[in-house]
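Written out below as structure tokens is the structure these notes cover.
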Amino acid sequence: MPVGVDVSWLPFAALVTWGLATEHFPLVLPALTPAFCWAAGAVAAIGQAGMVLAHEFGHIYCARAFGTPTRRVTLFLFGGLAELEREPPSPKAEVLVALAGPAVSVALAILCWALWYALTTLGWAGVEITEEGFAPGLLTMGLAGGESLGDALRAAAVGVLGFWLLVNAAMALFNLLPGFPLDGGRVLRGLLWGATGNLKKANRAASAAGVAVGGMIVGLGIWSAANGGGWGAAWPALMGVAVIAAARWSDSRGRLRRAVSGVPVRRLMRPVALVHAVPAEATLQQYFEGSMLGLGRANVPVVRADGALVGRLSVRSLAATPPDQWPLLTAGEVCEPTPAAARVRPGVDAIAALSWMHHTGRTRLDVVDGGGRLIGVLTAADASRALHRVMDLEPPPEPLAVFTPTPAIPPRANT
Numbered sequence: 001m002p003v004g005v006d007v008s009w010l011p012f013a014a015l016v017t018w019g020l021a022t023e024h025f026p027l028v029l030p031a032l033t034p035a036f037c038w039a040a041g042a043v044a045a046i047g048q049a050g051m052v053l054a055h056e057f058g059h060i061y062c063a064r065a066f067g068t069p070t071r072r073v074t075l076f077l078f079g080g081l082a083e084l085e086r087e088p089p090s091p092k093a094e095v096l097v098a099l100a101g102p103a104v105s106v107a108l109a110i111l112c113w114a115l116w117y118a119l120t121t122l123g124w125a126g127v128e129i130t131e132e133g134f135a136p137g138l139l140t141m142g143l144a145g146g147e148s149l150g151d152a153l154r155a156a157a158v159g160v161l162g163f164w165l166l167v168n169a170a171m172a173l174f175n176l177l178p179g180f181p182l183d184g185g186r187v188l189r190g191l192l193w194g195a196t197g198n199l200k201k202a203n204r205a206a207s208a209a210g211v212a213v214g215g216m217i218v219g220l221g222i223w224s225a226a227n228g229g230g231w232g233a234a235w236p237a238l239m240g241v242a243v244i245a246a247a248r249w250s251d252s253r254g255r256l257r258r259a260v261s262g263v264p265v266r267r268l269m270r271p272v273a274l275v276h277a278v279p280a281e282a283t284l285q286q287y288f289e290g291s292m293l294g295l296g297r298a299n300v301p302v303v304r305a306d307g308a309l310v311g312r313l314s315v316r317s318l319a320a321t322p323p324d325q326w327p328l329l330t331a332g333e334v335c336e337p338t339p340a341a342a343r344v345r346p347g348v349d350a351i352a353a354l355s356w357m358h359h360t361g362r363t364r365l366d367v368v369d370g371g372g373r374l375i376g377v378l379t380a381a382d383a384s385r386a387l388h389r390v391m392d393l394e395p396p397p398e399p400l401a402v403f404t405p406t407p408a409i410p411p412r413a414n415t
């Protein structure tokens with residue numbers, strides 16, 4: 001399973017590390033040196049990312065059990081995102097897939113509590129830690145002696161486990177709030193879907209609940225900031241905005257998928273008359289000067305006189321051809337052949353075609369008939385504009401995602 005880390009996660013991890021090292025650990029564990037606090041903060045931030053991924057993999061493996069494959073999972077600023085190929089096949093699958101993530105978080109919270117309890121109760125009984133063979137102060141980060149090192153490691157472990165316990169508990173509880181696309185909102189949608197038999201109504205109700213829940217979270221953040229909550233109060237407000245945006249996106253996405261369901265590619269493609277295809281017999285010089293198109297374009301389809309698609313003329317193929325050969329070589333001789341994966345028939349379902357484009361990372365598909373003749377080009381932007389002519393919707397959002405926010409950012413500890 002591909003696991004990606006969006007660049008937005010890096011400042012979040014740095015913020016968590018800084019908050020733990022400079023505010024949280026020095027106050028709850030005053031015996032730790034600043035170096036130990038920074039090291040413990042970094043470990044805690046990395047572990048938090050791992051626990052977000054574990055939550056996502058709970059969704060992923062449960063979805064696979066119901067026959068729903070997953071493309072990838074990504075860490076980003078607000079948590080994790082598991083990209084599913086399609087919706088769960090039934091209300092039961094929806095509920096169980098949604099609950100799988102919080103179940104993993106609860107299990108991790110219990111494990112962290114058990115380890116935390118063992119350390120605070122049993123300590124390091126029978127464990128002797130010394131710095132023999134190392135430079136003085138290297139292991140203890142400023143503390144002296146084996147006993148001090150053991151105490152420092154124990155305190156740091158207790159602090160990190162306590163933080164992980166809070167992270168997993170908060171992640172489970174927060175994501176169970178009944179607003180789509182949070183896990184609780186997916187449970188709500190599954191229950192409504194099962195009760196009414198109407199996924200459309202269930203999706204709208206759960207998305208509306210998501211907007212309401214997000215609004216309450218924003219309000220909580222504003223109230224906390226107004227009452228001395230400090231920089232940490234901004235996080236709930238940002239999370240609430242993210243939930244509201246995701247809820248509206250999910251509603252638009254559901255309406256869009258229903259609008260496009262059963263619609264063939266031919267209704268959303270750009271007709272060949274508007275594609276500005278290059279004749280295969282045109283020389284590169286003619287193409288470059290724009291005598292055939294009115295202006296020079298890059299990455300355009302090349303067709304024979306009978307309309308059959310030959311390939312595409314790209315910037316790469318032009319750059320690989322010496323300019324002195326441009327008057328002699330034709331577009332058909334230089335163009336790159338179009339692979340079968342980049343072609344689609346006009347009767348194919350548009351949702352399937354758009355999903356294939358996202359899955360393969362393509363920005364367009366050439367639409368050809370049974371004889372291989374180019375009749376149009378399908379792009380996500382063109383499909384969106386075609387739909388906008390009949391309804392007011394956002395562009396096709398792909399892929400389907402299970403959004404798992406990370407609600408726990410280190411709070412300011414109270415003395």
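Numbering (our numbering), first residue to last: 1 to 415.
Yeah, the Cβ is synthetic: ideal placement off N, Cα and C, and Gly gets one too.
- According to the DSSP assignment, residue 4 belongs to the beta strand (DSSP E) that extends over 3-5.
- In the structure shown, residue 73 adopts extended strand secondary structure according to DSSP, grouped into three states.
- Comparing alpha carbon positions, the residue from 368, 371, 370, 362 closest to residue 380 is 362.
- In the DSSP assignment, residue 366 falls within the beta strand (DSSP E) that extends over 364-368.
- Residue burial is scored here from C-beta neighbours: residue 46 has fewer than 16 other C-beta atoms within 10 angstroms and is therefore classed as exposed.
- By the neighbour-count criterion, in which a residue is buried when 16 or more other Cβ atoms sit within 10 angstroms of its Cβ, residue 235 is buried.
- For residue 319, the uninterrupted alpha helix (DSSP H) segment begins and ends at 315-319.
- Between residue 331 and residue 313 the beta-carbon gap is near 5 Å, inside 8 Å, which marks them as a contact.
- Shortest Cα-Cα distance from residue 44 to any of 35, 97, 16, 23 involves 16.
- Cα atoms of residue 383 and residue 116: separation of roughly 54 Å, rounded to the nearest angstrom.
- With 16 or more neighbouring CB atoms inside 10 Å of its own CB, residue 24 falls in the buried class.
- The stretch 173-192 and the stretch 202-210 touch, with three or more beta-carbon pairs separated by less than 8 Å.
- A direct Cα-Cα distance of roughly 7 Å separates residue 99 from residue 187.
- Here DSSP, grouped into helix, strand and coil, assigns residue 87 to coil.
- Rounded to the nearest angstrom, the Cβ distance from residue 105 to residue 49 is 14 Å, too far for a contact under 8 Å.
- When DSSP reads this structure, residue 344 sits in a beta bridge with 367.
- Between residue 91 and residue 164, the C-beta spacing is not below 7 Å.
- As the crow flies, the alpha-carbon of residue 88 is around 42 Å from that of residue 119.
- One alpha carbon belongs to residue 39, the other to residue 73, and they sit about 27 Å apart.
- The C-beta distance from residue 343 to residue 366 rounds to 5 Å, short enough to fall under 8 Å.
- Residue 108 is positioned such that its CB atom lies closer than 7 Å to that of residue 168.
- In this structure, residue 84 lies near residue 63, with their beta-carbon atoms less than 7 Å apart.
- In the DSSP assignment, residue 17 falls within the alpha helix (DSSP H) that extends over 9-19.
- Contact between residue 198 and residue 189 does not hold, since their C-beta atoms are separated by about 11 Å, which reaches or exceeds 8 Å.
- In this structure, 285 is the residue among 93, 348, 285, 279 with its C-alpha nearest to the C-alpha of residue 321.
- Going by C-alpha positions, residue 53 is about 15 Å away from residue 12.
- For residue 228, there is no enclosing alpha helix (DSSP H), as DSSP marks it with neither H nor E.
- Assignment of beta-bridge partners to residue 373 by DSSP yields 308.
- Note on geometry: alpha-carbon atoms of residue 191 and residue 266 lie some 37 Å from one another.
- Non-local C-beta neighbours of residue 184 in its own chain, meaning closer than 7 Å and more than five positions away in sequence, comprise 175, 176, 177, 178, ordered along the chain.
- Residue 34 counts as exposed, since fewer than 16 other C-beta atoms from the protein chains shown sit within 10 angstroms of its C-beta.
- By the neighbour-count definition (other C-beta atoms within 10 Å, threshold 16), residue 223 is an exposed residue.
- Taking all protein chains shown into account, residue 359 has fewer than 16 neighbouring C-beta atoms within 10 Å of its C-beta and is therefore exposed.
- Annotation for residue 311: 302, 335, 336, 337, 338 place their beta carbon closer than 6 Å to its own, counting only its chain and skipping 5 residues before and after.
- Of the candidates 154, 326, 114, 348, 326 places its Cα closest to the Cα of residue 282.
- With contacts defined by Cβ atoms closer than 7 Å, residue 377 and residue 270 form a contacting pair.
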